[in-house]
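Chains as they are written, first to last, in the working numbering: chain S, 17 to 117; chain Y, 560 to 735; chain P, 2 to 483.
Note sheet for the following structure.
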Amino acid sequence: MSLVHFQILSAALFSIGLYGVLARRSAVLILLSIELMLNAVNINLIAFSAYTESLASTGQVIAIFVITVAAAEVGLALAIIINLFRSKGSVDIDKIDVMRW
Amino acid sequence: MGSTQESGTEGGVLTESLVVFLIISVVCVAGGLGVVFSRNVIHATFLLLVSLMGVAGIFLLLLAEFLALVQVLIYGGAITIVVLFVIMLTKSDEFESLVDNSQKPLAFLISIGLFVVMTVAAIAADNGNTVRASLKFSDLGHSLFTDWAIPFEVASLVLLVALIGAIVISKQGEEE
Amino acid sequence: MTNFWLFIPEFTITALAFGVIGADLFLARENKKYLPWISSIGLIVVLGIALNYLLGKQENLYGGLFLIDDFSMFFKVFFLILGLLVVLISSEYVKNHIKHPGEYYGILIFSILAMMLMAASGELLTAYISLELLSFCLYVLVASGRYGEKSTEAGVKYILLGAVASAFMLYGISQIYGLVGTTKFADMNLVLVAENSSALDLGLIMGIVFIIGGLAFKIAAVPFHMWAPDVYEGAPTPITAYLAVGSKAAAFALILRMMSSGFISIMEDWQMVIIVIAALTMTLGNLVALAQNNIKRLLAYSSIGHVGYLLMGVVAMTPLAFDGIMLHLVGYGVTNLACFMCIIMLYNSTGRDDVAGYAGLADRSPFLAMSMAVALFSLAGLPFFAGFTTKFYLFTAVANEGLIWLVGLAILNSLISLYYYLMVIKSMYIDPSEDTTVLVFSRYSLSVLGILVVFIFLVGVYPGPLVELIQEASQSLFSYIP
């Protein structure tokens with residue numbers, strides 16, 4: 017088991033999350049997919065910090081900040097989503113359009 | 560501490576930690592796939608929880624005990640619950656009609672492409688290091704509150720703004 | 002021991018934000034009209050404190066996390082003045098359209114703090130968390146509009162896409178951290194120079210590209226611009242102005258600092274990415290703007306076009322080009338605020354923000370039409386207005402570096418942009434209006450607009466002192482490079 021295993025896992029979770037963001041229509045499900053992406057980042061950070069001794073604390077510190085921001089983001093996003101539901105009666109945000117210009 | 564014996568499958572031996580790693584990764588990835596493919600939003604949320612608890616396991620394998628603890632507390636104890644509340648507050652049966660959009664094939668291609676690029680990059684950079692190092696709680700705390708004092712303070716403001724924002728935004732809808 | 006006096010502008014502005022939010026709790030409803038005055042006087046005090054304590058200081062706090070130099074000082078002053086102007090253009094709009102003025106101004110002030118921190122951070126995590134503070138403030142402000150659906154939908158889109166962008170940026174940061182071994186810009190440069198990385202590995206390039214992608218989202222560069230038109234249209238109009246100027250300027254401050262003191266030694270590896278983004282951004286922004294009939298959407302696309310011009314300066318990567326970027330940010334900022342002030346004034350009295358709503362404006366309010374025309378000409382870059390001087394400086398600096406075709410494309414794009422700005426002006430001056438009542442505005446809004454128009458001419462005709470300040474700022478940035 018070496019660094020590359022963890023990085024491939026991280027890449028897999030990140031790509032799965034991105035698929036969810038692009039393919040889902042419900043704002044709540046998109047939010048869940050974003051959580052997957054952020055966790056992929058954390059795996060990558062912690063893996064780097066574990067396998068490179070000189071780096072140890074920085075990676076974990078960054079990961080703590082990522083978790084903090086992710087939690088705050090969920091709270092704020094859900095507040096806005098609930099507001100959207102109140103005014104529109106739906107949490108459908110059509111799509112996050114990659115082809116739009 | 561790990562040792563140089565943990566050479567993984569390349570040496571033809573499956574070490575114990577590699578087996579554990581593989582099991583946990585399968586849980587993580589399966590949970591993740593469940594989140595993006597499940598047709599039921601409640602299932603998706605619980606599958607996210609499974610995946611994130613798997614990530615906590617990965618943190619343990621990487622000897623980051625504190626992060627594993629935080630992961631369980633915040634994702635298991637807070638985020639998933641809040642998401643479930645929101646699903647209950649909105650019409651959860653609505654989700655079945657709007658799970659996916661027409662962009663699916665494109666999204667699939669983009670994600671696969673991204674995965675390939677990221678994997679190639681990871682393999683290319685592989686230095687074969689198999690020794691893991693652990694970090695003491697106290698060192699982590701020390702560096703968080705001394706070296707990283709500014710980001711720490713700013714993070715507190717981020718939380719404050721999120722708090723005020725959530726209140727303002729949800730009150731606004733109420734009064735309409 | 003860290004000298005905490007060096008943080009005095011940040012401390013005072015945080016106190017101001019708390020003060021404004023606190024004052025809101027105690028002020029009776031009819032006294033809430035004093036909130037913008039408290040905020041603007043507070044911002045002027047902070048500005049005074051910053052100038053008094055920090056002018057000309059050169060310090061490096063927490064081992065390079067936080068930098069105080071002429072560059073960060075320039076942006077501190079710029080953001081404080083910008084914040085002050087946004088408070089001024091907001092005040093009438095907030096009175097009519099926003100439910101929670103205390104929180105509105107408080108969060109606006111927090112966002113100014115975030116931008117100041119971004120310009121001063123010399124390290125990836127500090128930069129990221131400041132960027133996140135800015136984004137959170139903007140998410141709240143965008144979603145705080147009263148007229149329900151549009152604003153909320155804009156808020157949902159903005160926060161979800163913003164979170165994806167920051168996930169990408171974080172992945173990039175983690176790659177840089179793992180492969181370079183540090184997150185401090187200055188140390189990164191040392192490592193990259195020492196490695197003499199002629200064959201740079203894919204992981205590092207991916208990291209840089211992801212970070213650029215995340216920041217490209219914040220400045221709404223193609224292909225990460227798809228949120229901009231919807232969010233600009235849905236957000237409260239003063240916040241649209243603020244988004245178009247503030248968040249872009251802050252992201253550019255970060256990009257300039259990061260690229261020049263972190264990644265300059267591997268310039269060849271990322272330069273092509275930015276060239277492509279710049280060319281696409283300006284062309285697409287200006288072409289799509291032609292088809293818009295809502296004025297806020299039109300300005301959204303025009304601002305995407307301007308981002309393209311600014312990115313050219315990043316490609317050129319010389320002190321002169323950086324001067325051009327900063328100068329253009331100032332010129333564009335003033336012009337854009339004037340433009341949005343006109344939009345707010347018209348919206349407040351007629352409730353229209355489509356281009357057709359501007360028909361016959363010259364007869365209904367000559368001063369408003371004249372100011373709008375000045376602002377649009379300045380955006381297009383006609384001589385005597387701010388836009389011309391700053392664009393000219395920027396384009397010359399880029400052309401000096403041999404990127405003639407890119408500058409040619411930019412000039413072509415400026416001509417295209419002139420067409421759609423002229424369409425608005427034609428509508429104001431030639432098209433007849435169905436409603437011919439004379440519009441009356443408060444003396445307050447007219448004087449704010451007047452000040453902004455004077456600024457446009459001032460920057461356009463007499464940019465000398467501003468250019469000197471900017472040159473000092475960019476010199477301090479390049480002095481970090483060994």
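Where a beta carbon is used, it is the ideal one built from N, C-alpha and C, also for glycine.
### Task
Could you have a look at Arg40(S) and say whether DSSP puts it in helix, strand or coil?
strand
### Query
So is Val78(P) buried or exposed if we call it buried at 16+ other beta carbons inside 10 Å?
buried
### Query
Using a C-beta to C-beta distance shorter than 7 Å, which residues of chain S count as neighbours of Val594(Y)?
Gly36, Leu48, Ser49, Leu52
### Query
Would you say the region 682-693 of chain Y touches the region 43-62 of chain S, given that touching needs at least three Cβ pairs under 8 Å?
no
### Option in Tyr421(P), Gly332(P), Ile344(P), Asn401(P) with minimal Cα separation from Ser379(P)
Gly332(P)
### Message
Buried or exposed for Gln76(S), going by 16 or more other Cβ atoms inside 10 Å?
### Response
buried
### Task
Output the boundary residues of the alpha helix (DSSP H) element that contains Leu62(P).
From DSSP, Leu62(P) is part of no alpha helix (DSSP H) but of the beta strand (DSSP E) over 60-62.
#### Entry: the region 234-253 of chain P contacting the region 128-140 of chain P, beta-carbon criterion three pairs below 8 Å
yes
### Query
Roughly how many angstroms separate the alpha carbons of Phe81(S) and Asn337(P), rounded to a whole number?
35 Å
### chain P contacts made by the region 67-91 of chain S, where a contact means CB separation under 8 Å
Thr68, Ser70, Leu71, Thr74, Gly75, Val77, Ile78, Phe81, Val82, Val85, Ala88, Glu89
### Where Gly43(P) meets chain Y, residues with beta-carbon distance less than 7 Å
Simply none; closest approach about 17 Å.
#### Entry: Val20(S) versus Ala681(Y): straight-line alpha-carbon distance, rounded
6 Å
### Query
At least one CB of chain Y closer than 8 Å to the CB of Val57(S): is that the case?
no
### Query
Does any CB atom of chain P fall closer than 8 Å to the CB of Ala39(S)?
no
### Residue range of the alpha helix (DSSP H) that includes Phe80(P)
71-98
### Outcome for Asp202(P) when other beta-carbon atoms lying within 10 angstroms are tallied against a minimum of 16
exposed
### Query
Exposed or buried, which one is Thr3(P) when buried takes at least 16 other CB atoms within 10 Å?
exposed
### Task
Check whether the region 596-611 of chain Y touches the region 45-52 of chain S, counting contact only when three or more Cβ pairs, one atom from each stretch, lie closer than 8 Å.
yes
### Query
Excluding the five sequence neighbours on either side, which residues of its own chain have a C-beta within less than 7 Å of the C-beta of Ser266(P), listed in chain order?
Asn190, Leu193, Val194
### Task
Counting only the same chain and skipping the five closest in sequence on each side, list residues whose C-beta sits under 7 Å from that of Val579(Y).
Leu620
### Query
Using DSSP with H/G/I as helix, E/B as strand and the rest coil, what is Leu68(P)?
strand
### Query
If we call anything under 8 Å between Cβ atoms a contact, is Val95(P) one with Ser41(P)?
no
### Message
Spatial neighbours of Phe63(S) within its chain, please: C-beta separation below 6 Å, excluding the five flanking residues on both sides.
### Response
According to the sequence shown, residue 63(S) is Ala rather than Phe. Here the set comprises Leu19, Phe22.
### Query
In angstroms, rounded to a whole number, what distance separates the CA positions of Ala683(Y) and Ala666(Y)?
26 Å
### Message
Starting from His307(P), trace the alpha helix (DSSP H) in both directions and tell me its first and last residue.
### Response
296-317
### Task
Grab me the residues of Val44(S)'s own chain with a C-beta within less than 7 Å of its C-beta, minus the 5 sequence neighbours each way, in chain order.
Ile97, Val107
### Message
Counting only beta-carbon separations shorter than 8 Å, does Ala195(P) have a partner in chain Y?
### Response
no
### Message
I need the straight-line Cα distance from Phe341(P) to Lys297(P), nearest angstrom please.
### Response
8 Å
### Task
Would you verify that the beta carbon of Ala104(P) is, or is not, closer than 8 Å to some beta carbon of chain S?
One point to set straight first is that residue 104(P) is Glu, not Ala, in the sequence displayed. Output row for Glu104(P): interface = no.
### Task
Have a look at Phe211(P), Tyr105(P), Ala217(P) and flag the residue whose alpha-carbon is nearest the alpha-carbon of Val720(Y).
Tyr105(P)
### Runs of alpha helix (DSSP H) lying entirely within the region 155-203 of chain P, each at least 4 residues, in chain order
186-196
### Task
Residues of the region 678-703 of chain Y with a CB closer than 9 Å to any CB of chain S: list them in chain order, please.
Thr678, Ala680, Ala681, Ile682, Ala684, Asp685, Asn686, Gly687, Asn688, Thr689, Val690, Arg691, Ala692, Ser693, Leu694, Asp698, Leu699, His701, Ser702, Leu703
#### Entry: Gly173(P) versus Ala387(P) - alpha carbon distance
37 Å
### Task
Spell out whether any CB of chain P is found under 8 Å from the CB atom of Ala28(S).
no
### Query
Between Asp355(P) and the ligand GTP, is the CB less than 7 Å from at least one heavy atom?
You won't find the ligand GTP in this model; it holds no ligand whatsoever.
### Query
Taking Cβ positions only, does Lys100(P) come closer than 8 Å to chain S?
no
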